[in-house]
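See structure below.
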């Protein structure tokens, strides 16, 4: 019996169609992270895109509401804010468990996506306004002063959010 512990139910491949070169200085040189279930031959990582939400995809497919081979339309999915790149993104000893370029796949890998490779974003960058009663109380008490840029007079705060898959 082997001492190796398998942490995925997906079949092992000797060589992925798109190898990943961890530590490469750019997303293009590093290669795409492909966790697609639509074409197992393309996979080069364990897990699945939208991991925590994969159960909802499975339920939609089982209910007949979503085609098994459905791929998202990545039109207009550019990040709301420019983030990075940073030198540590190319350091294999610093980035080991996520894809720091995951918000840029629709542009960096546009040619491969157009050719049918199922590459999906692993990070979503969005802008939002949040409102916290504690901030309004701090404004009223004079502990915070709205600047109109980040903090509004009504207590709204402009934020940039990153959702990591």
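Residue numbers (this note's numbering): 1231 to 1395.
Positions of the beta carbon are idealized from the N, C-alpha and C atoms, including for glycine.
Note that the coordinates shown come from a computational prediction; the quantities given were computed from them, not determined experimentally.
Three-state class that DSSP yields for residue i in the structure shown
i	result
residue 1341	helix
residue 1231	With a pLDDT of only 49 at residue 1231, under the threshold of 50, the placement of this residue in the model should not be trusted, and no figure is reported.
residue 1355	strand
residue 1360	strand
residue 1365	helix
The ligand SAH heavy atom lying under 7 Å from the CB of residue i
i	result
residue 1288	For the structure depicted, the ligand SAH is absent and the ligand set is empty, with no information on it obtainable.
Expected contact under 8 Å - CB spacing of residue i and residue j to nearest Å
i	j	result
residue 1355	residue 1382	In fact, because the Cβ distance is near 21 Å, the residues do not count as touching under 8 Å.
residue 1262	residue 1342	7 Å
residue 1333	residue 1360	So it is not a contact: roughly 20 Å between Cβ atoms.
residue 1395	residue 1316	So it is not a contact: roughly 19 Å between Cβ atoms.
residue 1331	residue 1271	Not confirmed; about 23 Å, so no contact.
residue 1320	residue 1247	Rounded, the Cβ-Cβ distance is 23 Å, inconsistent with contact.
residue 1357	residue 1307	The pair is not a contact, with the Cβ atoms about 14 Å apart (cut-off 8 Å).
Host alpha helix (DSSP H) of residue i (start-end)
i	result
residue 1288	1284-1292
residue 1324	First-last for residue 1324: undefined, no H or E at that position.
residue 1301	Segment: none, residue 1301 is in no alpha helix (DSSP H) and carries neither H nor E.
residue 1311	Taken as a continuous stretch (DSSP letters only), residue 1311 belongs to no alpha helix (DSSP H), as it is neither H nor E.
residue 1260	1257-1260
The beta strand (DSSP E) enclosing residue i, as first and last residue numbers
i	result
residue 1393	1386-1394
For residue i: DSSP bridge partner residues
i	result
residue 1381	1387
Indicate whether the contact test is met: 3 or more Cβ pairs, each with one atom in the region 1342-1351 and one in the region 1257-1276, closer than 8 Å. Cβ pair count under 8 Å is three or more, so yes.
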